[in-house]
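Visitor: Quick one: the structure is below, questions incoming.
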């Protein structure tokens with residue numbers, strides 16, 4: 003299954019996705035030190051995710067016209083440059099500039115999120131779930147690399163965390179030199195082909211509806227609780243940055259390690275059963291967070307949160323890829339990512355506000371209606387999606 007393009011995409015995943023890891027771990031903590039308004043503490047994190055949502059349609063359109071190689075190379079340059087801007091913003095203590103830089107890093111991440119779709123174009127149809135799982139699995143390496151960069155470099159300069167973002171700038175430019183050798187799978191004629199369906203026609207497909215809801219609700223739940231975790235642990239309960247970082251690292255491992263088997267599980271049991279499993283795991287996450295509030299409940303809950311997200315996101319992505327015609331792929335992918343990451347941004351934007359307005363336990367309960375909605379929608383969707391190819 004491994005080929006040159008898939009190898010380059012794997013390198014891109016490892017280094018490009020250090021920036022979301024570092025931003026999620028640090029931007030809320032840094033933001034809280036830059037502003038006296040508690041509700042704005044998670045704004046930089048949320049803006050990074052908003053940037054990803056806004057950039058989804060842009061990234062898809064640029065790659066439709068210019069190809070995957072151009073889009074991924076451009077993203078590496080943007081990611082690296084605005085990591086430097088983050089470092090400068092911290093140095094001069096500018097909250098507005100820090101927010102702007104995080105927003106733009108989000109734009110670059112929207113391109114990198116297309117790695118999983120590019121991976122599906124490099125393998126046979128039967129290997130699509132495995133290709134997606136491989137790309138996501140490498141998020142573990144990105145997580146460990148990003149989290150350890152924070153610890154090792156945060157005090158290198160006079161102002162704390164400037165070094166972390168300088169290191170991130172170095173790491174995120176590395177994929178640029180690999181994508182020089184990336185081969186666009188489609189010829190220019192096809193890249194410029196227009197979709198034969200409208201957005202409404204695509205959304206009338208029940209499988210596409212389920213795929214977007216699965217990934218979107220999984221991301222909203224995960225984003226809400228993950229974004230609030232550093233603030234709840236470090237600011238409200240006094241856990242150290244190191245302890246908070248360990249929990250978030252465990253969470254990211256929970257997000258990506260199941261990818262070793264998720265592809266096979268989907269292939270053997272079908273998309274819907276894995277979606278059901280993801281929902282149940284997220285219910286268990288909320289149960290733990292509501293009934294216990296200590297270091298180990300954060301740890302176990304965040305690990306389960308990652309696993310539940312993994313099942314919903316990979317199932318949704320894999321189902322999407324087999325549910326549209328080839329000429330509609332860029333429109334479908336861009337639409338999917340716009341909705342999914344808009345949902346994620348809503349979770350991130352509301353996390354700080356809801357956490358400070360209520361508490362950690364109530365924040366978890368707020369996620370329940372979304373999960374019940376996905377469960378009911380999945381049960382009402384009677385279409386057989388296990389091996390469907392449209």
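Numbering (my numbering), first residue to last: 3 to 392.
Heads up, the beta-carbon is just placed ideally off N, CA and C, and yes, glycines get one too.
Can you list, in chain order, the residues of its chain whose CB lies under 8 Å from that of residue 362, leaving out five sequence neighbours each side?
Guide: 230, 234, 238, 291 and 295
Visitor: To the nearest angstrom, how far is it from the Cα of residue 162 to the Cα of residue 244?
Guide: 14 Å
Visitor: Give, in chain order, every unbroken run of the beta strand (DSSP E) that is at least 3 residues long and sits entirely within the segment 132-195.
Guide: none
Visitor: Does the segment 350-361 come into contact with the segment 84-91, if we say contact requires no fewer than three beta-carbon pairs (one atom in each stretch) closer than 8 Å?
Guide: Because the criterion of three Cβ pairs below 8 Å is not met, the segment 350-361 and the segment 84-91 do not touch.
Visitor: Let me confirm a value: residue 259 is counted as buried when at least 16 other C-beta atoms fall within 10 Å, else exposed. Which label applies?
Guide: buried
Visitor: By how many angstroms is the C-alpha of residue 114 removed from the C-alpha of residue 262?
Guide: 21 Å
Visitor: What three-state label does DSSP hand residue 272 in the structure shown?
Guide: coil
Visitor: Should the segment 98-109 be regarded as contacting the segment 45-57, the criterion being three or more beta carbon pairs within less than 8 Å?
Guide: Counting Cβ pairs under 8 Å, three or more are found: they touch.
Visitor: Alpha carbon to alpha carbon, how far is residue 74 from residue 48?
Guide: 23 Å
Visitor: Taking buried to mean at least 16 other C-beta atoms within 10 Å of its own C-beta, is residue 274 buried or exposed?
Guide: buried
Visitor: My guess is that residue 104 and residue 46 are in contact by the Cβ rule of under 8 Å, so how many angstroms apart are they, rounded?
Guide: 4 Å
Visitor: Using the C-alpha atoms, what's the distance from residue 214 back to residue 378?
Guide: Rounded to the nearest whole angstrom, the C-alpha separation of residue 378 and residue 214 is 15 Å.
Visitor: Under DSSP, the alpha helix (DSSP H) around residue 63 begins and ends at which residues?
Guide: 45-68
Visitor: Are the CB atoms of residue 267 and residue 2 within a distance shorter than 8 Å?
Guide: Here the chain has residues from 3 to 392 only, and residue 2 is not among them.
Visitor: Between which two residues does the alpha helix (DSSP H) carrying residue 259 extend?
Guide: Membership of residue 259 in any alpha helix (DSSP H) is not indicated, and neither H nor E is assigned to it by DSSP.
Visitor: Please look up how many angstroms separate the CB atoms of residue 149 and residue 251, rounded, as I've assumed it's under 8 Å.
Guide: 5 Å
Visitor: Can you tell me whether residue 87 is helix, strand or coil according to DSSP?
Guide: helix
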